[in-house]
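Contents: one structure, followed by commentary.
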Amino acid sequence: MACSKVRAVRQPDLVLINWSRNPLIAGSPRRITAVRVIGSSQPCRATLVTNGLLSTALSCLLDDFRIVYQKRTTSISGYLLLQRFRIPS
298 MACSKVRAVR QPDLVLINWS RNPLIAGSPR RITAVRVIGS SQPCRATLVT NGLLSTALSC
358 LLDDFRIVYQ KRTTSISGYL LLQRFRIPS
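Set out below in structure tokens:
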């Protein structure tokens, strides 16, 4: 019986970020309230921290990820789903 090589298909890396703003300060920055990573978020893992700035995380993530869905849940909160579009080197 011949052995055939079977390879698992690499699943996409996904990052889900919940964010909110301080409702008492007009124009306050969006801050991360929760993060869920499926796969890997490298090299941006250090920027995905609770209460960290969303803008800092996106500055890193958008080099290798793209936003595939985003939604505002209220006037001061929302979430983003990002998917890796390049394999890290």
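Sequential numbering from 298 applies to the sequence shown in the numbering used here. Glycine included, each C-beta is placed from N, C-alpha and C at the ideal position.
Integer-rounded CB distance, given that residue j should sit under 8 Å from residue i
| i | j | result |
| --- | --- | --- |
| residue 345 | residue 362 | The pair is not a contact, with the Cβ atoms about 11 Å apart (cut-off 8 Å). |
| residue 317 | residue 374 | 4 Å |
| residue 351 | residue 329 | 6 Å |
| residue 315 | residue 331 | 4 Å |
Simplified DSSP state of residue i, which is helix, strand or coil
| i | result |
| --- | --- |
| residue 356 | helix |
| residue 323 | coil |
| residue 342 | helix |
Proximity below 8 Å, CB of residue i to CB of residue j
| i | j | result |
| --- | --- | --- |
| residue 381 | residue 310 | yes |
| residue 333 | residue 313 | yes |
| residue 308 | residue 349 | no |
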